[in-house]
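The structure appears below as structure tokens.
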Amino acid sequence: MAKLSRLGHISLYAHDVRRLASFYETALELAVVNHSDETACLAIDPQSGRHDLLILNNPHHVHLAFWVDTLDHFKEVWRRLTDHGVLAHGPYVESEYARFSFLDPEGNHVEITWAHGGETLPPHRRKISFRELEKFGVSQE
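Position 98 of the sequence shown, counting from 1, maps to 98 under full-length UniProt numbering, and the rest follow consecutively.
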């Protein structure tokens, strides 16, 4: 069974990134943990080291991200999607994460992420095979 462990983050498009970030900071008390004119990252818990809401000024990068806890779950979600005829892109590895993405039936971009805990060599974001991913985490099967 494919197991998603949690919602990773949601990214929204904004014409004015700073204005929308200010709204979420004021109205919902989210903390701005990183920002520029093009992007703002906000967190429910700023000490967590992760963001829950990503605000972008590029509508093509809007997406929804889910996390899985193990390599087995990562592979199982991929398998279930492809068994249902979904075209998944990736997997990619970057920093200490592996991810792949797909479009849902309405065209929404969805990302699945697994924290493999290792360090990757440059280039920091590259396509990787599932066989190569095995060296980052022992399969639980």
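From the three backbone atoms N, C-alpha and C, an ideal C-beta is built for every residue, glycine too.
Residue i - containing beta strand (DSSP E), residue span
{"i": "residue 113", "result": "109-115"}
Among the options, nearest to residue i - alpha-carbon criterion
{"i": "residue 15", "options": "110, 33, 103, 59", "result": "59"}
{"i": "residue 38", "options": "80, 61, 94", "result": "61"}
{"i": "residue 128", "options": "107, 89, 32", "result": "89"}
{"i": "residue 69", "options": "99, 44, 41", "result": "99"}
{"i": "residue 107", "options": "33, 86, 28", "result": "86"}
{"i": "residue 35", "options": "93, 20, 97", "result": "20"}
{"i": "residue 9", "options": "78, 132, 67", "result": "67"}
{"i": "residue 105", "options": "81, 96, 112", "result": "81"}
Residue burial classification, residue i (beta-carbon count within 10 angstroms, cutoff 16)
{"i": "residue 91", "result": "buried"}
{"i": "residue 55", "result": "buried"}
{"i": "residue 141", "result": "Annotation note: pLDDT 41 at residue 141 (below 50); position unreliable, coordinate value reported separately. The residue is exposed, with fewer than 16 neighbouring Cβ atoms inside 10 Å."}
{"i": "residue 75", "result": "buried"}
{"i": "residue 44", "result": "exposed"}
{"i": "residue 30", "result": "buried"}
{"i": "residue 117", "result": "exposed"}
{"i": "residue 142", "result": "What the structure shows of the chain is the stretch from 1 to 141, and residue 142 is not part of that stretch, so it cannot be assessed."}
{"i": "residue 7", "result": "exposed"}
{"i": "residue 131", "result": "exposed"}
{"i": "residue 27", "result": "exposed"}
For residue i, the first and last residue of its enclosing alpha helix (DSSP H)
{"i": "residue 134", "result": "No alpha helix (DSSP H) holds residue 134; DSSP gives it neither H nor E."}
| said: In chain order, what are the residue ranges of uninterrupted beta strand (DSSP E) at least 3 long that sit wholly in the UniProt domain "VOC" (6-115)? | reply: 6-13, 31-35, 39-43, 53-56, 64-68, 89-94, 97-103, 109-115
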